[in-house]
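To start, the structure itself, in structure tokens.
There are 2 protein chains.
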Amino acid sequence: MLSENKTAAILVIGDEILSGRTREGNAHHLAGVLSAVGIDLKEIRVVADEQPLIVEAIRALDSSLGGRYDLLFTSGGIGPTHDDVTADSVAEAFGTGIEMNEEALAVMRARWEARGVPVTGNRTRMARIPVGAKLIANSYSAAPGFHIGNTYVMAGVPEVFRAMVDAILPELPTGRPPVSESLDLHRGESEVAEELKSVAEAYPDLSLGSYPWHRDGTFGTMLVVRGLDQDRVAAAMAELKGRISA
Amino acid sequence: MLSENKTAAILVIGDEILSGRTREGNAHHLAGVLSAVGIDLKEIRVVADEQPLIVEAIRALDSSLGGRYDLLFTSGGIGPTHDDVTADSVAEAFGTGIEMNEEALAVMRARWEARGVPVTGNRTRMARIPVGAKLIANSYSAAPGFHIGNTYVMAGVPEVFRAMVDAILPELPTGRPPVSESLDLHRGESEVAEELKSVAEAYPDLSLGSYPWHRDGTFGTMLVVRGLDQDRVAAAMAELKGRISA
Chain A
1 MLSENKTAAI
11 LVIGDEILSG
21 RTREGNAHHL
31 AGVLSAVGID
41 LKEIRVVADE
51 QPLIVEAIRA
61 LDSSLGGRYD
71 LLFTSGGIGP
81 THDDVTADSV
91 AEAFGTGIEM
101 NEEALAVMRA
111 RWEARGVPVT
121 GNRTRMARIP
131 VGAKLIANSY
141 SAAPGFHIGN
151 TYVMAGVPEV
161 FRAMVDAILP
171 ELPTGRPPVS
181 ESLDLHRGES
191 EVAEELKSVA
201 EAYPDLSLGS
211 YPWHRDGTFG
221 TMLVVRGLDQ
231 DRVAAAMAEL
241 KGRISA
Chain B
247 MLSENKTAAI
257 LVIGDEILSG
267 RTREGNAHHL
277 AGVLSAVGID
287 LKEIRVVADE
297 QPLIVEAIRA
307 LDSSLGGRYD
317 LLFTSGGIGP
327 THDDVTADSV
337 AEAFGTGIEM
347 NEEALAVMRA
357 RWEARGVPVT
367 GNRTRMARIP
377 VGAKLIANSY
387 SAAPGFHIGN
397 TYVMAGVPEV
407 FRAMVDAILP
417 ELPTGRPPVS
427 ESLDLHRGES
437 EVAEELKSVA
447 EAYPDLSLGS
457 YPWHRDGTFG
467 TMLVVRGLDQ
477 DRVAAAMAEL
487 KGRISA
């Protein structure tokens with residue numbers, strides 16, 4: 001699909017995903033949001049809670065560090081425990097220090113003190129933020145995320161991740177969201193592959209996909225035409241329908 | 247966690263994951279299986295249905311091509327339509343040709359002819375297999391996956407992916423599966439971070455993780471100790487419980 005939209009990657013950090021203990025959902029949520037606002041998600045990576053791996057992935061993915069994509073969003077590893085090494089990894093990747101951020105500390109103190117929770121050393125660990133980063137508000141709990149270079153660092157807890165995505169959305173360089181039309185057929189993929197290919201070749205600016213499904217003992221194929229221009233998508237779908245029923 | 251187990255990566259191929267249309271589940275399934283048989287999953291990547299991106303990812307991840315991990319498992323892009331480019335990408339990554347595989351064709355013909363389905367040109371596209379690859383049986387439908395170098399190429403349809411995982415399992419270089427013990431606390435992560443860190447430092451051969459949870463208006467933390475030796479895991483958990491209740 002042709003597009004001048006910004007490109008993006010998501011980096012998920014967490015041993016619990018790789019061990020099979022947790023089924024990741026934040027990347028799927030953000031993928032839908034990015035698509036809706038016209039940012040082209042090109043890659044998702046999941047790595048362990050190990051600083052060298054995280055540093056390398058950030059450098060490979062954030063264009064401001066010579067990496068591949070315009071924007072990078074991370075999920076996980078910014079909690080208060082010893083296995084939360086994302087903030088230190090981001091600081092290392094950007095070659096900056098890490099400091100107790102007074103603004104973050106004030107936000108966290110205000111929230112906790114209102115609940116009578118003491119602000120201990122471990123809690124304040126979540127206010128350690130790379131120097132020069134801008135905070136990302138956390139409307140769900142308290143500890144903020146942060147943004148440095150083209151990297152947006154967010155928490156792995158799903159409710160907090162979503163709150164942080166909502167917080168950064170207004171400042172993202174949004175583009176032209178793709179539109180799509182679908183056609184659900186009770187036929188196998190192979191039976192429509194020729195027609196699909198012909199239309200895909202006639203509309204190189206669009207993305208045509210086919211997704212086989214099986215349910216209730218029957219099978220079929222969902223054909224999806226996707227692109228930036230509604231008229232082109234509609235024209236391609238009309239041609240596809242014509243060819244298939246012919 | 248210290249381990250002499252083989253390392254692995256999963257490469258998921260599919261625009262529909264990146265657009266947010268489909269929530270990926272194959273990587274989560276395989277992550278659980280690999281953990282159970284003692285293979286250490288170190289990375290998951292999701293890339294689009296674009297040959298150069300797939301080739302690059304395979305080369306980066308398969309040790310037989312100079313990549314990082316002992317084993318690579320792929321999901322998706324081996325169907326009959328124009329957007330299925332995984333087989334061609336694998337052939338390119340391994341610098342081999344791609345050919346109509348007679349064994350694959352025979353398997354597919356036997357199954358389809360028994361159902362009275364004609365074996366058309368598009369269906370036979372799924373029998374195009376890189377030269378030198380060994381087939382992976384597909385007990386769910388018919389078109390096989392394949393194995394070349396250290397890369398196992400499997401279908402994206404969840405039922406077929408699972409059938410192929412079952413088929414390769416007996417031949418994988420399994421290791422020592424980790425064991426784990428969990429402790430569910432109605433306390434915040436910060437309140438136990440110090441104790442968790444102390445025990446983690448005392449047991450460098452183990453992996454200690456903490457996972458905050460929120461449900462029904464209450465919150466807590468699940469602590470997980472993971473390692474290869476049951477006695478060590480039990481000892482670390484006992485020490486953790488002792489420190490937390492002290």
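Top to bottom, those sequences are chains A and B. Just so you know, we're using this note's numbering here: the first sequence kicks off at 1 and counts up by one. Just so you know, we're using this note's numbering here: the second sequence kicks off at 247 and counts up by one. C-beta atoms are modelled at their ideal positions from N, C-alpha and C, and glycine is treated no differently.
Open item on the list: Does B/A255 come out as helix, strand or coil in the three-state DSSP assignment?
Closed with: strand
Task: Contact with chain A by B/G343, beta-carbon distance below 8 Å - done: no
Open item on the list: Taking the straight line between their C-alpha atoms, what separation do you get for B/A388 and A/G38?
Closed with: 38 Å
Open item on the list: When you compare the CB positions of A/L223 and A/S207, do they come within less than 8 Å of one another, or not?
Closed with: no
TODO: Determine the direct distance from the alpha carbon of A/I58 to that of A/R45, and round the result to whole angstroms.
DONE: 10 Å
Task: Same chain only: Cβ atoms within 8 Å of B/T370, ignoring 5 sequence neighbours per side - done: M346, L351, M354
Open item on the list: Give me the DSSP bridge partner(s) of B/P458.
Closed with: B/T467
Task: Inter-residue spacing [alpha-carbon to alpha-carbon] between A/S35 and A/E4 - done: 13 Å
- [ ] Measure the C-alpha to C-alpha separation of B/H393 and A/P130 and round it to an integer number of angstroms.
- [x] 44 Å
- [ ] Look up B/H432 in the DSSP assignment and say whether it is helix, strand or coil.
- [x] coil
Open item on the list: Please tell me whether A/G66 has its Cβ less than 8 Å away from any Cβ of chain B.
Closed with: no
- [ ] Quick one: list the residues of chain B neighbouring A/R23, beta-carbon separation under 8 Å, in chain order.
- [x] G271, H274
Task: Partner residues on chain B for A/S190, Cβ-Cβ distance less than 7 Å - done: P326, T366, N368, R369
- [ ] Taking only beta-carbon positions, decide if B/L287 is within less than 8 Å of chain A.
- [x] yes
Open item on the list: Can you tell me whether B/D329 is helix, strand or coil according to DSSP?
Closed with: coil
Open item on the list: Between which residues of its own chain and B/Y386 is the CB-CB distance below 7 Å, once the five residues before and five after are set aside?
Closed with: E405, V406, A409
Open item on the list: Between the alpha carbons of A/T86 and B/H275, how many angstroms are there, rounded?
Closed with: 26 Å
TODO: Whole angstroms is fine: what's the gap from A/M115's alpha carbon to B/G402's?
DONE: The sequence given here has Arg at residue 115 of chain A, not Met. Taking the straight line from one Cα to the other gives about 48 Å.
- [ ] Please work out which residues of its chain come closer than 8 Å, Cβ to Cβ, to B/E359, disregarding the five sequence neighbours upstream and downstream, and give them in chain order.
- [x] V365
Open item on the list: Quick check: what's the CA-CA separation for A/A235 versus A/G188?
Closed with: 23 Å
Open item on the list: Since B/I324 and B/M247 should fall inside the 8 Å C-beta cutoff, what is the C-beta to C-beta distance between them, to a whole number of angstroms?
Closed with: So it is not a contact: roughly 33 Å between Cβ atoms.
Open item on the list: Under 8 Å, Cβ to Cβ, is there at least one residue of chain B near A/H214?
Closed with: yes
Open item on the list: Which complete alpha helix (DSSP H) runs does the stretch 31–111 of chain A hold, if anything under 4 residues is left out?
Closed with: 51–61, 86–93
Open item on the list: Let me see if you follow: with CB-CB separation under 8 Å, is A/R45 close to chain B or not?
Closed with: yes
Open item on the list: Please report the straight-line C-alpha distance between B/R374 and A/A133, rounded to a whole angstrom.
Closed with: 50 Å
Task: Own chain residues within Cβ distance below 8 Å of A/I279, not counting five before or after - done: Outside the modelled stretch of chain A, which goes from 1 to 246, sits residue 279 of chain A, for which no answer is possible.
Open item on the list: Please state whether the Cβ-Cβ distance between B/V425 and B/L486 is less than 8 Å.
Closed with: no
- [ ] Using a Cβ-Cβ cut-off of 8 Å, state whether B/D334 counts as contacting chain D.
- [x] Any reference to chain D falls outside this structure, whose protein chains are A and B.
Task: Buried or exposed by the 16-neighbour rule on C-beta atoms within 10 Å, applied to B/R422 - done: exposed
Task: For B/R472: DSSP bridge partner residues - done: B/S426, B/S453
Task: Counted within 10 angstroms of its Cβ, other Cβ atoms place B/T464 as buried (16 or more) or exposed - done: exposed
Open item on the list: List, in chain order, every chain A residue whose beta-carbon is nearer than 7 Å to that of B/D261.
Closed with: S207, G209
TODO: Return the bridge partner residues of B/S376 from the DSSP annotation.
DONE: Note on residue identity: the sequence assigns Pro, not Ser, to residue 376 of chain B. Paired residue(s): B/I344.
Task: Residues bridged to B/L381 (per DSSP) - done: B/F392
Task: Neighbour-count burial assignment, B/E270, 16 or more Cβ in a 10 Å radius - done: buried
TODO: Would you please state the rounded distance, in angstroms, between the beta carbons of B/E262 and A/N122? I believe it to be under 8 Å.
DONE: Not a contact, Cβ separation roughly 41 Å.
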